[in-house]
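Below: the structure, in structure tokens.
2 protein chains.
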Amino acid sequence: MNAAVQPSGMDETVAYAPLPRPFKLWRGGELPSGVIAYETWGRLNAERSNAILLFTGLSPSSHAASTPLNREEGWWERMIGPGFALDTDRFFVMCVNSLGSCFGSTGPASIDPSTGRPWQIDFPEISVEDVARAGYEAARSLGIEQLHAVVGPSLGGMVVLAFAACVPGGARHLISISGSGAASAFAIALRSVQREAVMTDKAWQQGRYEPGHGPSGGMRIARKLGTITYRGAAEWRERFARGGLTPRGERAAREAASRYPAGFGPRFAVEGYLEAQAERFVRVFDPNCYLYLSRAMDCFDIASHGDPVGVFRRSGLTSALVIGVETDFLFAIDEQALAARQLEQAGIPTRFAPLPSIEGHDAFLVDLPRFDAEIRTFLTST
Amino acid sequence: MNAAVQPSGMDETVAYAPLPRPFKLWRGGELPSGVIAYETWGRLNAERSNAILLFTGLSPSSHAASTPLNREEGWWERMIGPGFALDTDRFFVMCVNSLGSCFGSTGPASIDPSTGRPWQIDFPEISVEDVARAGYEAARSLGIEQLHAVVGPSLGGMVVLAFAACVPGGARHLISISGSGAASAFAIALRSVQREAVMTDKAWQQGRYEPGHGPSGGMRIARKLGTITYRGAAEWRERFARGGLTPRGERAAREAASRYPAGFGPRFAVEGYLEAQAERFVRVFDPNCYLYLSRAMDCFDIASHGDPVGVFRRSGLTSALVIGVETDFLFAIDEQALAARQLEQAGIPTRFAPLPSIEGHDAFLVDLPRFDAEIRTFLTST
Numbered sequence: 009m010n011a012a013v014q015p016s017g018m019d020e021t022v023a024y025a026p027l028p029r030p031f032k033l034w035r036g037g038e039l040p041s042g043v044i045a046y047e048t049w050g051r052l053n054a055e056r057s058n059a060i061l062l063f064t065g066l067s068p069s070s071h072a073a074s075t076p077l078n079r080e081e082g083w084w085e086r087m088i089g090p091g092f093a094l095d096t097d098r099f100f101v102m103c104v105n106s107l108g109s110c111f112g113s114t115g116p117a118s119i120d121p122s123t124g125r126p127w128q129i130d131f132p133e134i135s136v137e138d139v140a141r142a143g144y145e146a147a148r149s150l151g152i153e154q155l156h157a158v159v160g161p162s163l164g165g166m167v168v169l170a171f172a173a174c175v176p177g178g179a180r181h182l183i184s185i186s187g188s189g190a191a192s193a194f195a196i197a198l199r200s201v202q203r204e205a206v207m208t209d210k211a212w213q214q215g216r217y218e219p220g221h222g223p224s225g226g227m228r229i230a231r232k233l234g235t236i237t238y239r240g241a242a243e244w245r246e247r248f249a250r251g252g253l254t255p256r257g258e259r260a261a262r263e264a265a266s267r268y269p270a271g272f273g274p275r276f277a278v279e280g281y282l283e284a285q286a287e288r289f290v291r292v293f294d295p296n297c298y299l300y301l302s303r304a305m306d307c308f309d310i311a312s313h314g315d316p317v318g319v320f321r322r323s324g325l326t327s328a329l330v331i332g333v334e335t336d337f338l339f340a341i342d343e344q345a346l347a348a349r350q351l352e353q354a355g356i357p358t359r360f361a362p363l364p365s366i367e368g369h370d371a372f373l374v375d376l377p378r379f380d381a382e383i384r385t386f387l388t389s390t
Numbered sequence: 009m010n011a012a013v014q015p016s017g018m019d020e021t022v023a024y025a026p027l028p029r030p031f032k033l034w035r036g037g038e039l040p041s042g043v044i045a046y047e048t049w050g051r052l053n054a055e056r057s058n059a060i061l062l063f064t065g066l067s068p069s070s071h072a073a074s075t076p077l078n079r080e081e082g083w084w085e086r087m088i089g090p091g092f093a094l095d096t097d098r099f100f101v102m103c104v105n106s107l108g109s110c111f112g113s114t115g116p117a118s119i120d121p122s123t124g125r126p127w128q129i130d131f132p133e134i135s136v137e138d139v140a141r142a143g144y145e146a147a148r149s150l151g152i153e154q155l156h157a158v159v160g161p162s163l164g165g166m167v168v169l170a171f172a173a174c175v176p177g178g179a180r181h182l183i184s185i186s187g188s189g190a191a192s193a194f195a196i197a198l199r200s201v202q203r204e205a206v207m208t209d210k211a212w213q214q215g216r217y218e219p220g221h222g223p224s225g226g227m228r229i230a231r232k233l234g235t236i237t238y239r240g241a242a243e244w245r246e247r248f249a250r251g252g253l254t255p256r257g258e259r260a261a262r263e264a265a266s267r268y269p270a271g272f273g274p275r276f277a278v279e280g281y282l283e284a285q286a287e288r289f290v291r292v293f294d295p296n297c298y299l300y301l302s303r304a305m306d307c308f309d310i311a312s313h314g315d316p317v318g319v320f321r322r323s324g325l326t327s328a329l330v331i332g333v334e335t336d337f338l339f340a341i342d343e344q345a346l347a348a349r350q351l352e353q354a355g356i357p358t359r360f361a362p363l364p365s366i367e368g369h370d371a372f373l374v375d376l377p378r379f380d381a382e383i384r385t386f387l388t389s390t
């Protein structure tokens, strides 16, 4: 139950790009210094014109695919590599850990140089815009002034839209996957309850927990609720029906049961699955980082930059692909349709791809053939 | 923050029906004694053949409509009365507080006669079947052996199906609203997270909190999550968009904000709304009662009585009405369609009414004209 992970210092399997000093933040405040952790695949060409910058969802690290330094499978393993959708025979792919996260990039779990202690909730408020700009600075640290494409799913699907607004001319093409130009009231409601679960856990201690002794109970609830909303209701039905505990879920469920009086623990397969998912997350993700990124998603609204059509018109984008999933109820398909329409109205040739995957918001991690086909076709045309 | 309400003893605005001693429970165990609180509207005829037994959702009391003893508006105020859908010019309507609840009926917050202290989690496990049978006993206490109809929404929509299985010949007609013959994995997942929020609140104290000092933080989270899932995502969008706090939500939100460090409290209208909803619930509902009824819903499966078609064939029902709402994602329309099909296959003339209300699971409380029309037409035909 190691809920609050001490940032691991230097991890030799990732690279670090320094942020400009200071790095001014979109909602005010600044970071005196900071780094963005990233990993790369493929080769940057001499013109530095073949780079794809990949942003992540809320929880992953920069480890989108295995590398010689880290053989572990990445979160988008079959999408990046020679002959894959993000084809490393042609592109130099760079995935960044979001500013505010806890996998190498600067965030609330990092050390505040002025105190020598973790920032925790003294970290300034970060926004989706800051995640976009910090990712761009990581690319610039390699001498890349213009990306061939910016790509991102979920939070990353918001980040690339913010990128278009904040870094005019910073990318020629954009792929926004299961994202949104503005969080819906429904998503805000769900995320506010997730954060409340973390913050009402006494172990949160108003944000000042000892690293390693954070609000693991609240984080577990937040992650379970996330896991539920990342998938479609129909899929839950298909996968679990009303089955009892399975061997996979049983170990986690037994541990969970030991926390409660007899009869009050898990009974159904779906509960064991949630428990296993949550356990993994709680082990690696810092609670304050979670709160910061979750709040940033709520507050994102492309319209805060001005009329979205005008914003996109000034973006310098040459083309765009917006992918949504019809069963996604967290980032509803209407939200992707709206972003696609605004891009198109801004004069940017845009393909909107509503996919019928049953996996809801998480489909981009699971239903790879559909996403591969869309992204491959789009990038081939660029 | 009065999270654990001491049962108020005798409330003179409701009536109490004694349960048989002992009252044996469906999943084993028994209650040495118990009562069911109820309220009535209209007059029981001499043959005692005009009674409608109304079951509730998880959280309401028996106060479905105002009475001379309690002028307060009920949870189905415009549906019960002279000329209303449950027409008291014709019917004697009786609404029961569920066994296991905390508004007068025996449940975990009641006093265990053997100890003189609240049962709390020593209360035996209760099931949807027990709620049905206890409601029937309340009717029998008035000399009613056969109901004209059993009616119930949400949990009540499950209860009436359990009634058909457990009390053959106990009712001539059945109206199941936004219910289910078996909780879906999706609903189980959500409810298990709600219960976890209550049980991981340290104030729960493994179920043995001092009445009045229960897990209010966990209950607040559970209720907010409930409130989110009771409505459709589209409705959230329409009602709240991305609006800031409203005067209505502001008081609740200010209180909520005072629990957190600056910047971590509510910012959006939807958060103020959830806070106000949760506050009201936490004030009146006993946490252990909540856990018992929530778990009972997860465990309900009409198929545990045998093949549902055979079960309904033995029910003695003459006709049935099953209502569902297309935007309900907690009790999905497929679940009501299935129950209707099984009733029909059992030879019971059944109308299935899928309604297009946008209010999701809660539509029966809000979109009254549609429900009124269906129920009125059905009852007129009986």
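So the protein sequences, as listed, match chains G and U. Taken in order, the first sequence gives residues 9 to 390; the numbers are from the numbering used here. Taken in order, the second sequence gives residues 9 to 390; the numbers are from the numbering used here. Built from N, CA and C at the ideal position, the CB exists for glycine as well.
Assuming the contact rule is C-beta atoms closer than 8 angstroms, residue i and residue j should be a hit. Round their C-beta distance to whole Å, please.
| i | j | result |
| --- | --- | --- |
| residue 191 of chain G | residue 305 of chain G | 6 angstroms |
| residue 271 of chain U | residue 261 of chain U | About 14 angstroms separates the two Cβ atoms, so there is no contact after all. |
| residue 176 of chain U | residue 37 of chain U | That belief does not hold up - the Cβ atoms of residue 176 of chain U and residue 37 of chain U are roughly 23 angstroms apart, past 8 angstroms. |
| residue 73 of chain U | residue 60 of chain U | Their Cβ separation, rounded to whole angstroms, is 12 angstroms, which puts residue 73 of chain U and residue 60 of chain U out of contact at 8 angstroms. |
| residue 100 of chain G | residue 160 of chain G | Contact doesn't hold; Cβ gap of about 17 angstroms is too wide. |
| residue 34 of chain U | residue 120 of chain U | About 20 angstroms; that fails the 8 angstroms criterion. |
| residue 6 of chain G | residue 382 of chain G | With chain G covering only 9 through 390, there is no way to say anything about residue 6 of chain G. |
| residue 290 of chain G | residue 228 of chain G | 5 angstroms |
| residue 308 of chain G | residue 200 of chain G | Wrong, their Cβ atoms sit about 14 angstroms apart, outside the cutoff. |
So, using beta-carbon positions, are residue i and residue j closer together than 8 angstroms?
| i | j | result |
| --- | --- | --- |
| residue 168 of chain U | residue 150 of chain U | no |
| residue 333 of chain U | residue 186 of chain U | yes |
| residue 330 of chain U | residue 348 of chain U | yes |
| residue 240 of chain G | residue 367 of chain G | yes |
| residue 252 of chain U | residue 277 of chain U | yes |
| residue 162 of chain U | residue 62 of chain U | no |
| residue 106 of chain U | residue 301 of chain U | yes |
| residue 75 of chain G | residue 47 of chain G | yes |
| residue 343 of chain G | residue 184 of chain G | no |
| residue 234 of chain G | residue 209 of chain G | no |
| residue 244 of chain G | residue 328 of chain U | no |
| residue 157 of chain U | residue 140 of chain U | no |
| residue 215 of chain U | residue 126 of chain G | no |
| residue 312 of chain G | residue 172 of chain G | no |
| residue 376 of chain G | residue 195 of chain G | no |
Given that a residue counts as buried once 16 or more other Cβ atoms are within 10 Å of its Cβ, and exposed if not, what is residue i?
| i | result |
| --- | --- |
| residue 232 of chain G | buried |
| residue 81 of chain U | exposed |
| residue 10 of chain U | Since pLDDT at residue 10 of chain U reaches only 34, below the 50 mark, its modelled position is unreliable, and no value is offered. |
| residue 223 of chain G | buried |
| residue 104 of chain U | buried |
| residue 40 of chain G | exposed |
| residue 220 of chain U | exposed |
| residue 29 of chain U | exposed |
| residue 117 of chain G | buried |
| residue 93 of chain U | buried |
| residue 77 of chain U | exposed |
| residue 292 of chain U | exposed |
| residue 69 of chain U | buried |
| residue 97 of chain U | exposed |
| residue 102 of chain U | buried |
| residue 79 of chain U | exposed |
| residue 390 of chain G | exposed |
Hey, would you say the C-beta of residue i is under 7 angstroms away from at least one heavy atom of the ligand PLP?
| i | result |
| --- | --- |
| residue 341 of chain G | As for the ligand PLP, it is missing from this structure, which has no ligand bound. |
DSSP has residue i in a bridge; who is on the other side?
| i | result |
| --- | --- |
| residue 103 of chain U | U:47, U:62 |
- Message: Against chain G, which members of the segment 188-207 of chain U pass a CB distance test of less than 8 angstroms?
- Response: Flagged, chain order: 190, 191, 192, 193, 194, 196, 197, 198, 200, 201, 203, 204, 205, 207.
- Message: Using a Cβ-Cβ cutoff of 9 angstroms, what residues of the segment 285-309 of chain G are near chain U? List them in chain order.
- Response: Going along the segment 285-309 of chain G in chain order, one finds 299, 303, 306, 307, 309 with a Cβ nearer than 9 angstroms to chain U.
- In the segment 112-144 of chain G, which residues sit with their C-beta less than 7 angstroms from some C-beta in chain U, listed in chain order? Here the close residues are 129, 133.
- Message: Closer than 9 angstroms between beta carbons: that is the criterion. Which residues of the segment 328-345 of chain U meet it against chain G?
- Response: The segment 328-345 of chain U vs chain G, Cβ under 9 angstroms: 337, 338, 340, 342.
- Under 8 angstroms (Cβ pairs) to chain U, residues found in the segment 214-229 of chain G: Answer in chain order: 214, 215, 225, 226, 228, 229.
- Of all the residues that make up the segment 265-279 of chain U, which are near chain G by a beta-carbon distance shorter than 8 angstroms? 267, 268, 269, 271, 272, 274, 275, 276, 277, 278, 279: these are the residues of the segment 265-279 of chain U whose beta carbon lies less than 8 angstroms from some beta carbon of chain G, given in chain order.
- Task: Return the residues of the segment 345-373 of chain G that lie within a Cβ-Cβ distance of less than 8 angstroms from chain U, sorted by chain order.
- Result: Using a CB distance below 8 angstroms, no part of the segment 345-373 of chain G faces chain U.
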